[in-house]
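Per our numbering: the sequence shown = residues 1005 to 1135.
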Amino acid sequence: MQTGETVVFGHYQQKEIHFPDDKRVTDIVHDRNLLEQFLFPPNQQHVFAENLSGGEKRRLHLLTILQNRPNFLILDEPTNDLDLVTIGVLEDFLMEYKGCLIVISHDRFFMDKITDHLFIFEGEGAVKDFW
């Protein structure tokens, strides 16, 4: 696949997340405003990433992608393992997002909130198109 020079991809996928034992949150994501926006207050930004909960690690992993300022995001099940408050922050962020967004999710409420167009794959090659 060939893309234009200005396309910056961000791909969030479901995979096991490991951060180096000696890295703190701010060593991994340097944008303190983004960290605070996604519920990492200043006192938590200096915690070793390996000591974070599973949901906090997911959130930090998402921020490793967003800190690169992608203009084309592909998100695979972005609400998995996130608490409701974090999902709300993610919804707010994505509703303001100016780039292209492709989201794969079983969370219909989330999808209805952040998208204006849905393709629903029903199996056996059947696809519904919702505006």
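Cβ atoms here follow ideal geometry from the backbone N, Cα and C, with glycine treated the same way.
Looking at the structure shown, is residue i part of a helix, part of a strand, or coil, going by DSSP?
i: Leu-1038; result: helix
i: His-1065; result: helix
i: Val-1089; result: helix
i: Glu-1054; result: helix
Is residue i buried or exposed, if buried means 16 or more other CB atoms sit within 10 Å of its CB?
i: Glu-1060; result: buried
i: Ala-1130; result: exposed
i: Phe-1042; result: buried
i: Thr-1083; result: buried
When you compare each of the options to residue i by their alpha carbons, which one comes out closest?
i: Pro-1046; options: Asn-1055, Glu-1054 and Asp-1035; result: Asp-1035
i: Val-1051; options: Gln-1071, Phe-1042, Arg-1028 and Arg-1073; result: Arg-1028
List the whole-angstrom C-beta distance separating residue i from residue j, where the pair is believed to meet the contact cut-off of C-beta under 8 Å.
i: Leu-1066; j: Leu-1056; result: Leu-1066 to Leu-1056, Cβ: 13 Å. No contact.
i: Leu-1098; j: Ile-1118; result: 5 Å
Note down, in chain order, each residue of its chain lying with its Cβ closer than 8 Å to the Cβ of residue i, except the 5 sequence neighbours on either side.
i: Val-1012; result: Asn-1072, Arg-1073, Pro-1074, Asn-1075 and Phe-1076
i: Leu-1086; result: Gly-1059, Arg-1062, Arg-1063 and Leu-1094
Apart from the five residues on each side of it in sequence, which residues of its chain come closer than 6 Å, Cβ to Cβ, to residue i?
i: Phe-1134; result: Leu-1122
i: Asp-1025; result: Glu-1054
Whose C-beta lies closer than 7 Å to the C-beta of residue i among residues of the same chain, with five residues either side of it excluded?
i: Met-1115; result: Val-1107, Ser-1109 and Leu-1122
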